[in-house]
Amino acid sequence: MNQAFPVLYPVTIDDAGMRLDQFLVGKIGDVSRARVQQMIEQGLVLVDGAETKASLRLRGGEEVRVDGSAKVEPLRAMPEEIPLDIVFEDADLAIVNKPAGMMVHAGAGATDDARNRGTLVNALLYRFNQLSGVGGELRPGIVHRLDKETSGLLVVAKNDEAHRKLAAQFARREANKTYVALVHGSVKADHGTIRSSISRDSIRRVRMTTRGSGGREAVTHYVVKKRLNSPFGKLTLLDLKIDTGRTHQIRVHLSSIGHPVVGDALYGAPRELKSLRGPISLHRNFLHAAALELRHPRTGEALSFAKGLPEELEEFLRKLDAG
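Adding 41 to a residue's 1-based position in the sequence shown gives its number in our numbering.
Encoded structure:
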């Protein structure tokens, strides 16, 4: 709610019978019903000059006054006992192999504790107790991210100095990440580079797009590892490196050239692969952060880590071969 207060909303006869919170959601726009209810509970909404309840049924003819947006205490990530695959750790950093299906941290728009559970950050706080605070209370230790349905290697900072130095490596493109993806179709060139700016999709806000204006520079390099002419159609296994770290970058870039990542229905992949023997499906994206190279933030030593495909992706490849 980016507007000046107070704001007055007249209630018409057409609004008669509507709950107050429903009425305000429709009038304000881009605000959740839960947030409107918080505003009412905090006395920021008056009906004909009086405080009331969210459940009030409007009659028509009243005047609703809104004096401000709800004051919400920011969430803090809390420790939670969740198993972790730690590839490496010392006093300054840890390298974690994140499974698919786990969010790295709660979103900035999270308004309840339920959305702040089960994340990598919750697990890290339980395991290490102390992490860097540079990223804020919802993102302690997080230097870079992976999408929820992407697995693989992440570096985590245990103190502020390590965080700043690691983040600088990523900003200067000195840290190298290699991904493995299985995509639909046969990628023609053995290697190539995709240079398309990425912006938020103006219609489907959960998506990113290369077709919008005013996007941010994004560069993705790919090399063909293997082409598969399977009973489920032509597929290509790729190694990828990114020069930039935009939201959904690999996924939207590959989709933009007509080769969406297998399992990524958000960017055009089918939900099932079909053959004469029946369909198979993958309930995650076939995208894995397989290797990570960086310098130690304290010693400057070159560090290199690798993690093979998780079992569910190996099993999927076996199913493709079996047909």
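All C-beta atoms, glycine included, are put in the ideal place defined by N, C-alpha and C.
Remember, predicted model here, so these are calculated numbers, not experimental data.
Check, Outcome
"Do LEU99 and VAL107 have their C-beta atoms closer together than 9 Å?", "no"
"Could you name the residues of the same chain whose beta carbon sits closer than 8 Å to that of SER254, not counting the 5 residues immediately before and after it, in chain order?", "SER240"
"Check whether the segment 332-339 and the segment 298-313 touch, using three or more Cβ-Cβ pairs below 8 Å as the test.", "no"
"If you follow the alpha helix (DSSP H) that GLU202 is part of, which residue opens it and which one closes it?", "201-212"
"Return yes when the Cβ of ARG168 is within less than 9 Å of the Cβ of ILE127, no when it is not.", "yes"
"Spell out the partners DSSP gives SER237 in its beta bridges.", "Answer is none; SER237 lacks a bridge partner."
"With a cut-off of 8 Å on the beta carbons, I'd call ASP175 and ARG205 a contact; round off their distance for me.", "Per the sequence shown, residue 175 should be read as Val rather than Asp. Correct: roughly 6 Å between the Cβ atoms."
"So what does DSSP say about ILE321, is it helix, strand or coil?", "strand"
"Express the C-alpha separation of LEU207 and VAL105 in angstroms, rounding to a whole number.", "51 Å"
"State the beta-bridge partners of MET249 as determined by DSSP.", "ARG241"
"Do you know whose CA, among THR160, LYS112, SER73 and ASN138, lies nearest GLY84's CA?", "LYS112"
"Can you list, in chain order, the residues of its chain whose CB lies under 6 Å from that of TYR50, leaving out five sequence neighbours each side?", "LYS68 and VAL105"
"Does the beta-carbon distance from ALA222 to LEU328 come in below 9 Å?", "yes"
"Compare the Cα-Cα distances from ASN200 to each of ASP133, VAL145, ARG245 and GLY90 and report the closest residue.", "ASP133"
"Give the C-beta separation of ALA259 and ARG287 to the nearest angstrom, bearing in mind that I take them to be a contact with Cβ-Cβ under 8 Å.", "5 Å"
"Check this for me: beta carbons of LEU187 and LYS266, under 9 Å apart or not?", "no"
"Output yes or no for whether 9 Å exceeds the beta carbon distance between ALA141 and GLU356.", "no"
"Helix, strand or coil, according to DSSP, for GLU355 in the structure here?", "helix"
"Do the CB positions of GLY256 and SER243 come within less than 9 Å of each other?", "no"
"Take PHE64 and list the residues in its own chain whose beta-carbon comes closer than 8 Å to its own, dropping the five residues that flank it on each side.", "TYR50, VAL52, ASP56, LEU99 and VAL105"
"Please check the pair LYS189 and MET249, which I expect to be a contact at CB under 8 Å, by giving their CB distance rounded to whole angstroms.", "Actually they do not touch by this definition, with Cβ atoms about 14 Å apart."
"Which residues mark the beginning and the end of the beta strand (DSSP E) in which ARG268 is found?", "260-271"
"Candidates PHE46, ALA310, ALA363 and ASN326: which alpha carbon is nearest SER192's?", "ASN326"
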